[in-house]
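Enquirer: Residue numbers (the numbering used here), protein chains in the order written: chain A, 639 to 946; chain B, 639 to 946.
From the three backbone atoms N, C-alpha and C, an ideal C-beta is built for every residue, glycine too.
1. In chain A, what lies closer than 9 angstroms to residue 722 of chain B by C-beta?
2. Helix or strand or just coil, what does DSSP make of residue 703 of chain A?
3. Identify, in the order they occur along the chain, each residue of the same chain with its Cβ nearer than 7 angstroms to the Cβ of residue 691 of chain B, setting aside the five sequence neighbours on each side.
4. Does any C-beta atom of chain A lie closer than 7 angstroms to the C-beta of residue 923 of chain B?
5. Roughly how many whole angstroms lie between the Cα atoms of residue 699 of chain B and residue 923 of chain A?
6. Select from the segment 747-771 of chain A all residues with a C-beta closer than 9 angstroms to any C-beta belonging to chain B, and list them in chain order.
7. By alpha-carbon positions, which one of B/868, B/834, B/675 ends up nearest to residue 758 of chain B?
8. Would you kindly report the start and end of the unbroken alpha helix (DSSP H) that includes residue 670 of chain B?
9. Between the Cα of residue 783 of chain B and those of B/773, B/653, B/862, B/765, spot the shortest distance and give me the residue it belongs to.
10. Can you tell me which of the three DSSP states residue 839 of chain A falls into?
11. How many Å lie between residue 729 of chain A and residue 916 of chain A at the Cα?
12. For residue 664 of chain B, name the three-state secondary structure that DSSP assigns.
13. Measuring CB to CB, does residue 880 of chain B end up less than 7 angstroms from residue 671 of chain B?
14. Please list the terminal residues of the continuous beta strand (DSSP E) segment that includes residue 760 of chain B.
15. Could you give the residue range of the alpha helix (DSSP H) that holds residue 820 of chain A?
16. State buried or exposed for residue 793 of chain A, treating a residue as buried only when at least 16 other CB atoms are found within 10 Å of its CB.
17. So, at 7 angstroms on beta carbons, what are the nonlocal neighbours of residue 745 of chain A in its own chain, with the 5 sequence-adjacent residues on each side left out?
18. Under the rule that 16 or more other beta-carbon atoms within 10 Å means buried, what is residue 903 of chain A, buried or exposed?
19. According to a CB-to-CB cut-off of less than 8 angstroms, which residues of the segment 905-919 of chain A neighbour chain B?
20. For residue 726 of chain A, is the classification buried or exposed, using 16 other Cβ atoms within 10 angstroms of its Cβ as the cut-off for buried?
21. Could you pull out every unbroken alpha helix (DSSP H) segment of at least 4 residues lying fully inside the segment 840-912 of chain A, listed in chain order?
22. Compile a chain-ordered list of the residues in the segment 792-821 of chain A whose CB is closer than 8 angstroms to at least one CB of chain B.
23. Mark residue 893 of chain B as exposed unless 16 or more other C-beta atoms lie within 10 angstroms of its C-beta, in which case mark it buried.
24. Taking 7 angstroms as the threshold (beta carbon to beta carbon), is residue 945 of chain B in contact with chain A?
25. Which same chain residues end up closer than 7 angstroms to residue 799 of chain A when comparing Cβ atoms and leaving out the 5 residues on each side of it in sequence?
26. Helix, strand or coil for residue 784 of chain B per DSSP?
27. Please report the distance separating the alpha-carbon of residue 721 of chain B from that of residue 651 of chain B.
28. Three or more C-beta pairs closer than 8 angstroms, one from the segment 857-873 of chain B and one from the segment 656-667 of chain B: is that the case here?
29. So which residues of chain B does residue 871 of chain A contact, with C-beta pairs closer than 7 angstroms?
30. Need the endpoints of the beta strand (DSSP E) that residue 649 of chain B sits in, please.
31. Taking residue 939 of chain A as part of the alpha helix (DSSP H), name the residues at either end of that continuous run.
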């Protein structure tokens, strides 16, 4: 079992979907990553920042899942990062209604002493310089560094982003972002271009259409579980990344074959995340449900063809 | 080994994609279905109609693949059905530039005597009344009837379409069409509504995003093989249906587990179809290539997770 170091936002979200809307609720990339990874009972820590408006109960909830929260800085006179967004009917596109950076504007991440030798590092979506700073604080070279990012950083901080991309083993990115970053429409070609920037493993997330893992000439695909309804897609990508990195930390096996399993675990956990608003479904997740749905995942994808 | 009866268009297509354009080339649903199914070395026959402008060489090419062409009527003073279309950059949407029904306008399908007891019937995309007429000519109840259709018939002949849907075992339909036919956005719900119309098995084709098979509470998913380039998507859906029905005819096994394999074979064959213009790739397909790509398909989708 390895230690998992997570950096990313811990935040407030206000979400509107065709099924309803929320007030300010718990959100943030690191929150979703941490909750997903906690299913593998690994030691993990979150590096993040919140304001004095952030409820202690949220921190307690993370702590109860054995997530080390000592490196979530609380800025006494600061306000927590806030995002609000509205999803369209197809749930695959959304408009950002408001973004308040607040305490994120001057965030200097500090990796806790006990995690400077973490074997697995999950760099959640944040400014690439913050992600870089975390990597630079590691005293041991991690066994696996996973990066999640988004188009926003390609638009405003591409050179910094390229610096961090050059230093990671795995990048997770959605299809449109992969096209933007690579300049290639074909995802096979896009993955090859991105791999040349540094990451030996490229994961392209396609939302409801599943996720692809590329490594050299190999590819693996996991679908999203077909659901009656996608209630709220917020955090699905982060949950996927948390499931992926948590499983790798649990198994300590960075082979391509084991990454296939990590992708499946990530997809499986993400299928729960979207069933309720915000983190609600992930907070109440039972081990038996996860196992049962993994079984459905197998039935959905596994077949028996004898090759002659 | 069962007999496969195919009804559908045998036609001329003129295709424009971002990679180039063609003059009038061989096309038609039954053509693609027949070529795909011929990979399983089963006895098959096509029921269709062409004009006197249709090259004998095309018919000969089908005959060389052991497809019975005696029920492809040649109208002496008629012109062959013609379709031309232009694909957009994303290859998932296209505009129809021209449709000339020609000999299709007064087509009365005649099932050849030797195929009135065919165990598998593949109703390719055509007017639902033509599809119904074929079913009514069967002297034995087929083991499996597969229906392919499209939104055009939902727009202009919905009641006739519903009559044929009520009589088939499997329907193959794309995602947008499934939504239109069912009035449900969620594909899980759409499949349930469509199953209530008759077909016990509902296949929803999602183009480059793969295909889903639904049956009662079970689901199976096969991705499209990630390709460097999709050169021309024309006929991919028909090739998928031909691979599916051809494999069922070959194996004579209509269980859900075997249909999973049929879906995989259909997806596998469709991945070749889109690599060249029109039928070119399917005409030159070697058994070894098909097997090799099936192996890639397994590597792409199969994983080993032990469930506790």
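Expert: With the structure as the only source:
1. Within 9 angstroms Cβ-Cβ: nothing; residue 722 of chain B doesn't reach chain A, min ~24 angstroms.
2. coil
3. 717, 718
4. no
5. 58 angstroms
6. none
7. B/675
8. 667-675
9. Considering only alpha carbons, the answer is B/773.
10. strand
11. 14 angstroms
12. strand
13. yes
14. 758-761 is the span of the beta strand (DSSP E), which, as asked, contains residue 760 of chain B.
15. 813-820
16. exposed
17. 687, 768
18. Result: buried.
19. none
20. exposed
21. 874-889, 894-911
22. none
23. exposed
24. Cβ-Cβ to chain A under 7 angstroms: yes for residue 945 of chain B.
25. Around residue 799 of chain A: 766, 787, 791, 792.
26. In the structure shown, the three-state DSSP call for residue 784 of chain B is strand.
27. 5 angstroms
28. yes
29. Contact note: residue 871 of chain A does not reach chain B at a C-beta cutoff of 7 angstroms; the least C-beta distance is about 14 angstroms.
30. 649-655
31. 925-939
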